[in-house]
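**Q** Quick one: the structure is below, and I'll ask about it shortly.
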Amino acid sequence: MASRRIQVSFLLPCAAIFLLFFAAPLGSVVVGALAGGLGAFRHLFADPLFWRGLGGSLILGTTAPFASVVIGFGVALHLSRLSDGLRTALLFVIALPLTFSGLIVAYGFILLLGRAGFVTLALAKLGLDPAIVGALIFTPAGLGLAYSYYLIPRVVMVVLPVLRNFDQSQLLAAQSLGAASWRVLWDILLPQVFPALLRAFCLTSAVAIGAYGTALALVGTQLNILSLLLYSKISETGADFPAASALSVVLMAICCVIIGLSETAEGARRQK
Amino acid sequence: MVTWLARLAFSATLALPIAAMAFDGPELYDGEKTLYEAAVKEGMVVSFDTGPTWANWKSQFANFKKRYPEVEIVYNDIGSAVTVTALEKGRNRPQADTAYYFAGSAVDAMSKDVLAPFKPVNFDKLAPAFRQAEGKWFTIHTLNVAFLVNTKLVKTVPQSWADLLKPDYKKSVVYLDPRSTGQGQVVVFAANFAGGGDMDNVAPGLDYLGKLHKSGNVLRTVGTTPYAQFLKGEIPIWIGYENDGLKAKYVDGMGDDVAVVIPKEASAAAPYAISLVKNGPNPNAARLWLNFIMTDQGQATFAEGFVRPSVPGVSLPADIAAKLPPAPQLKPVDVVKAQAAKTAIDEGWARAALDQ
Chain A
-13 MASRRIQVSF LLPCAAIFLL FFAAPLGSVV VGALAGGLGA FRHLFADPLF WRGLGGSLIL
47 GTTAPFASVV IGFGVALHLS RLSDGLRTAL LFVIALPLTF SGLIVAYGFI LLLGRAGFVT
107 LALAKLGLDP AIVGALIFTP AGLGLAYSYY LIPRVVMVVL PVLRNFDQSQ LLAAQSLGAA
167 SWRVLWDILL PQVFPALLRA FCLTSAVAIG AYGTALALVG TQLNILSLLL YSKISETGAD
227 FPAASALSVV LMAICCVIIG LSETAEGARR QK
Chain B
42 MVTWLARLAF SATLALPIAA MAFDGPELYD GEKTLYEAAV KEGMVVSFDT GPTWANWKSQ
102 FANFKKRYPE VEIVYNDIGS AVTVTALEKG RNRPQADTAY YFAGSAVDAM SKDVLAPFKP
162 VNFDKLAPAF RQAEGKWFTI HTLNVAFLVN TKLVKTVPQS WADLLKPDYK KSVVYLDPRS
222 TGQGQVVVFA ANFAGGGDMD NVAPGLDYLG KLHKSGNVLR TVGTTPYAQF LKGEIPIWIG
282 YENDGLKAKY VDGMGDDVAV VIPKEASAAA PYAISLVKNG PNPNAARLWL NFIMTDQGQA
342 TFAEGFVRPS VPGVSLPADI AAKLPPAPQL KPVDVVKAQA AKTAIDEGWA RAALDQ
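These protein sequences, in sequence, are chains A and B. Residue numbers for the first sequence follow this note's numbering, beginning at -13 and rising by one. Residue numbers for the second sequence follow this note's numbering, beginning at 42 and rising by one.
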């Protein structure tokens, strides 16, 4: 009985923080969205910008994570074959981008690839027009590049433990039976690590769809994605809180569905 | 340790009551000495949102301290909207004596009944759109929409809104999003005045910006001030505020690489206002401070920070006057009507600029 009480008291701080900083704000957003009945949602769905934003977010939320998973998988594969010391050192470097805020990442890319950026000016010496090269980083594709910068480390973190625990002797066996190395990768390794890749994809996709700092600093507000549309509803000259809350709820729902997909896939696999 | 003790001793001497020593020379206005003596008894004034790097407040503080050595000035830099919230939350026991903000926020604050009426010196000279009739807020300077042109990236400097539509300026123009920023709203009014619109009809301004987007000349619209990007040379033309351009030119080292042009047809002057806070802790010191920044000297100090004084006809030193040439095409933004037009602008702009 006493131990149970101790257990509960250990739980309390965590529960309090969860209630105060997660459940309460979330609840107030939902309440705010429903303040005028379903009017805020109806208004939102009638706005053509919402549908374009949804399209933009989904494109960005699939392409950038997909590229990140492909690259991150390669990086993790390489890391899993290194010695422990070297791997730890490299992991430290790889994790570094996760500590930067989105705004800083955006300015870093502008300093590097913007119109007056280091790379752009170097390429200008080779005869490439800086007006064109320098504009690329401000396009949706450029935004995808900046996103990959902090999505790839997340992929590595998720995939690396799975690759390290993978029984390498299976690969050796396949090779000794004469399989080409791409065949080994495709038939033996990929099917077994696929759930981890899917999870990494869903996790990074949710991050990419929810993020707005980098987009705000980099491409500006004319890019149609939901997180920037949400930002435009909160203004220094007066905010439209019901619309902003409704949009937040929609954004949260999308991210929950994506995370839910990965968890369901995981569950289905475990039951097999 | 020693410096700490020295500091303690120093602040102790400051805290000692000293007989009020009035300033030398003639009064700036009638009753200045009496007001100063009453202010000395209060000892300080709390000035909300007057950030020292903005609009030359730093020099205002220094000049105020020089003239009134026994009144301390305390300030913060929290932003217009937050200032209104702070006044509202603290209405029972206000911390602030004065509040400075974009005049649109002053209208907000007035509706929350946290302001007291006060008519400082030169109040009667202000344009009617630049003051509230009872003096619950009044404009102390304006920020004016101008083209900030990076002459390294742009060959021919555009002089007018019509010029901006020319194909020479493909993918060159950057401005702030009207949906989320005050500056963006003012840009819409500037284009609107140029296109023949007025405070009651914003259609010409929205039409113009729609045309500008369709011409392919807009590089991007942004949600936060792109001043750092402009300095770096990322932006060919920024439809922004004159004072940012002059700051880039004279303070931050861009020199002749930047041209600041107030467009020929017309442009907009956005009023920045200040108010006496209702039931503030130091009402006399607050009045002394508000009067001071409205005197010709205080107004000229704003001009030294490249923002245009709100009081017409203030005489400026020759070098400052040269940097702020007369611009009769500037028209005042009426903030009460601007507030009413916000929804129309937000929706109209999104349609004209994004939905193509």
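Ideal Cβ placement from N, Cα and C applies to all residues, glycine included. Just so you know, these numbers come straight off a predicted model, no measurement behind them.
Within the same chain, show all residues whose beta-carbon is closer than 6 Å to that of B:K160, passing over the 5 residues directly before and after it, in chain order.
**A** So the qualifying residues of the chain are G176.
**Q** Less than 7 Å between C-beta atoms, sequence neighbours within five positions excluded: which residues of the same chain meet that for B:D293?
**A** L272
**Q** I need the boundaries of the alpha helix (DSSP H) containing B:K372, first residue and last residue.
**A** According to the DSSP assignment, B:K372 belongs to no alpha helix (DSSP H) but to the beta strand (DSSP E) extending over L371 to P373.
**Q** Starting from the beta carbon of B:D209, find every residue of chain A whose beta carbon is closer than 9 Å, and list them in chain order.
**A** Neighbours of B:D209 on chain A: none; closest Cβ ~13 Å, over 9 Å.
**Q** Short of 7 Å in beta carbon distance, which residues of its chain neighbour A:P228, apart from the five on each side in sequence? Order them along the chain.
**A** G18, A19, A21, G22 and A26
**Q** Apart from the five residues on each side of it in sequence, which residues of its chain come closer than 8 Å, Cβ to Cβ, to B:A391?
**A** R220
**Q** Less than 7 Å between the beta carbons of B:L247 and B:G389, yes or no?
**A** yes
**Q** B:R132: beta carbon under 6 Å from a heavy atom of the ligand SAH?
**A** For the ligand SAH, the structure offers nothing, since it holds no ligand at all.
**Q** Suppose you measure from the CA of A:A194 to the CA of A:L202; what does that come to, to the nearest Å?
**A** 13 Å
**Q** Check whether chain B comes within 7 Å of A:R101, counting only Cβ atoms and requiring the distance to be less than that.
**A** Output row for A:R101: interface = yes.
**Q** Hey, quick one: how far does the beta strand (DSSP E) through B:S356 stretch, first residue to last?
**A** No beta strand (DSSP E) contains B:S356, which DSSP labels as neither H nor E.
**Q** Hey, is B:A368's beta-carbon within less than 7 Å of any beta-carbon in chain A?
**A** no
**Q** Do you know how far the Cα of B:I114 is from the Cα of B:K372?
**A** Straight-line spacing of the CA atoms in B:K372 and B:I114 works out to 33 Å.
**Q** Looking at B:T183: is its Cβ nearer than 7 Å to the Cβ of B:P312?
**A** yes
**Q** Less than 7 Å separating the beta-carbons of B:F343 and B:N97?
**A** yes
**Q** Suppose only complete runs of 4+ residues qualify. What are the alpha helix (DSSP H) ranges in the stretch 263 to 316 of chain B, listed by chain order?
**A** 268 to 273 and 283 to 291
**Q** Can you tell me the Cα-Cα spacing of B:L287 and A:L184, whole angstroms?
**A** B:L287 and A:L184: Cα-Cα distance of roughly 53 Å.
**Q** Chain A beta carbons: is any one of them nearer than 7 Å to that of B:K273?
**A** yes
**Q** How about B:T126: is its C-beta nearer than 7 Å to some C-beta of chain A?
**A** no
**Q** Check whether the Cβ atoms of A:Q208 and B:T262 sit closer than 7 Å, and answer yes or no.
**A** Going by C-beta atoms, A:Q208 is nearer than 7 Å to B:T262.
**Q** Any beta carbon from chain A within less than 7 Å of B:A235's own beta carbon?
**A** no
**Q** Under 7 Å between C-beta atoms, does B:G264 make it to chain A?
**A** yes
**Q** List, in order along the chain, the chain A residues whose C-beta lies closer than 7 Å to that of B:D218?
**A** Within 7 Å Cβ-Cβ: T207 and S218.
**Q** Just verifying my parser: in three-state terms, what is the DSSP assignment at B:F347?
**A** In the three-state reduction of the DSSP assignment, B:F347 falls in the coil class.
**Q** Could you work out which residues of chain B lie near A:L122, taking near to mean beta carbons separated by less than 8 Å?
**A** The premise fails here: A:L122 is roughly 12 Å from chain B at the closest Cβ pair, so nothing lies under 8 Å.
**Q** Let me confirm a value: B:D387 is counted as buried when at least 16 other C-beta atoms fall within 10 Å, else exposed. Which label applies?
**A** buried
**Q** Applying a beta-carbon distance threshold of less than 7 Å, which residues of chain B neighbour A:L163?
**A** Residues of chain B passing the Cβ test: none, with the nearest at roughly 56 Å.
**Q** Excluding sequence positions up to five away, which residues of its chain have a Cβ less than 7 Å from the Cβ of A:S54?
**A** Result list for A:S54: S134, L137, I138, V141 and T190, in chain order.
**Q** In three-state DSSP terms, what is A:V91?
**A** In the structure shown, A:V91 adopts helical secondary structure according to DSSP, grouped into three states.
**Q** Could you compute how far the alpha carbon of A:G58 sits from the alpha carbon of A:I3?
**A** C-alpha of A:G58 to C-alpha of A:I3: approximately 33 Å in a straight line.
**Q** Where do the N-terminal and C-terminal ends of the alpha helix (DSSP H) with A:S213 fall, by residue?
**A** L212 to K219
**Q** Taking DSSP as the reference, what is the three-state secondary structure of A:I123?
**A** coil
**Q** Whose CA, out of B:P277, B:D297, B:A310 and B:Q340, lies closest to the CA of B:E283?
**A** When only C-alpha atoms are compared, the closest one is B:A310.
**Q** When you compare only the Cα positions, how much space is there between A:I45 and B:L260?
**A** 22 Å
**Q** Hey, how far is the Cα of B:G281 from the Cα of B:V190?
**A** 10 Å
**Q** Measure the Cβ-Cβ separation of B:V228 and B:Y216 and say whether it is below 7 Å.
**A** yes
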